[in-house]
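Engineer: Take this structure first; my questions come after.
Written out as structure tokens, the structure reads:
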């Protein structure tokens, strides 16, 4: 892991399409591996990437919020560590309050048991140090507490919104980011879905993601959290109308160099 990279584990929002997974990413830099979210179907891809089915090679996990399309495979990782590496040190876990309790309920265990596997640190809070990284976080509007996160190291900035509606904090979260991961749920692409003008928007459209990336002065934008059935190229076109930088589409197995070369990246062939 001499070269920094981001690898996409999953790109869907809500539930996974066939042959895809929900939200999940891995950042690798200076020999450290940090996981961002573990939604439905991400864990097999993570294990393929690390070459371990017992959770080896994972230095920290960051979970933006407690919706299952972002967190449910954390339970699988708990089991891999609990049964496969019972004497291993706890993995640092950065997540909103309540995520530990969610995993405990799935396991029919208590929080103390889960914290023998995961060393929990609350979000939004910090900043935290994770090896060469600094982790900052912002509270962003969603149906449950959600933390947008910014991972920085010398010469490297990656920002990730989790799930959010439009918010001024998105500009600071992604300020001058080399790569800004923004959800583009774009429920407007779904027939029969309309936002009432007096109801807060708690997801972004692709155009709103582009506007947020432009306001942040980000260098590259990666759209993610695509609602199943959405037209991803349409989403890219809508973001490009308002963002002048490169627009990437999250795709399972996509590897993107960090701090970054222009281009779509390459496919790793993860299952």
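In my numbering, the protein residues as written are -5 to 265. Each residue gets a CB set at the ideal place from its N, CA and C atoms; glycine is no exception.
What ranges does the alpha helix (DSSP H) occupy inside the stretch 33 to 99, keeping only unbroken runs of at least 4 residues that lie completely in it?
Structural biologist: 37 to 44, 62 to 65 and 67 to 78, all fully within the stretch 33 to 99.
Engineer: So if DSSP puts residue 127 in a beta bridge, which residue, or which two residues, is it bridged to?
Structural biologist: Bridge partners of residue 127: 124.
Engineer: Whole angstroms is fine: what's the gap from residue 197's alpha carbon to residue 59's?
Structural biologist: Whole-angstrom Cα-Cα distance: 13 Å.
Engineer: Can at least three beta-carbon pairs, one atom from the stretch 9 to 22 and one from the stretch 74 to 85, be found at a separation below 8 Å?
Structural biologist: Flag = no, the stretch 9 to 22 and the stretch 74 to 85 do not touch.
Engineer: Grab me the residues of residue 5's own chain with a C-beta within less than 7 Å of its C-beta, minus the 5 sequence neighbours each way, in chain order.
Structural biologist: 14, 218, 220, 244, 245 and 246, listed in sequence order.
Engineer: Pairs of beta-carbons, one from the stretch 227 to 240 and one from the stretch 141 to 150, closer than 8 Å: are there three or more?
Structural biologist: Contact between the stretch 227 to 240 and the stretch 141 to 150 is absent, because fewer than three Cβ pairs lie under 8 Å.
Engineer: Should residue 25 go down as buried or exposed, given a rule of 16 or more other Cβ atoms within 10 Å for buried?
Structural biologist: The residue is exposed, with fewer than 16 neighbouring Cβ atoms inside 10 Å.
Engineer: Drop a sphere of 10 angstroms on the beta-carbon of residue 224, count the other beta-carbons inside from all chains shown, and report buried for 16 or more, exposed for fewer.
Structural biologist: Classification for residue 224: buried.
Engineer: Is any heavy atom in the ligand SAM found nearer than 6 Å to the beta carbon of residue 184?
Structural biologist: With respect to the ligand SAM, the structure shown offers nothing to examine, as it has no ligands at all.
Engineer: Could you check if residue 113 is buried or exposed, using at least 16 other CB atoms within 10 Å of its CB as the buried criterion?
Structural biologist: Residue 113 should be labelled exposed.
Engineer: At 3 residues or longer, what runs of the beta strand (DSSP E) sit wholly inside the stretch 160 to 215?
Structural biologist: As far as the stretch 160 to 215 is concerned, its whole beta strand (DSSP E) runs of at least 3 residues are 173 to 177.
Engineer: When DSSP labels each residue in this structure, what does residue 230 get in the three-state scheme?
Structural biologist: Correct three-state label for residue 230: helix.
Engineer: I'd like to confirm the pairing. Which residues does DSSP put opposite residue 23 in its beta bridges?
Structural biologist: Per DSSP, 26.
Engineer: Please say whether residue 252 and residue 18 have beta carbons closer to each other than 7 Å?
Structural biologist: Cβ distance not < 7 Å, so residue 18 and residue 252 don't count as in contact.
Engineer: Between which residues of its own chain and residue 125 is the CB-CB distance below 6 Å, once the five residues before and five after are set aside?
Structural biologist: Closer than 6 Å at Cβ, skipping near neighbours: 26.
Engineer: Taking residue 33 as the reference, which of 134, 97, 83 and 46 has the closest Cα?
Structural biologist: The candidate whose alpha carbon is nearest that of residue 33 is 97.
Engineer: To the nearest angstrom, how far is it from the Cα of residue 210 to the Cα of residue 164?
Structural biologist: So the alpha carbons of these two residues sit roughly 7 Å apart.
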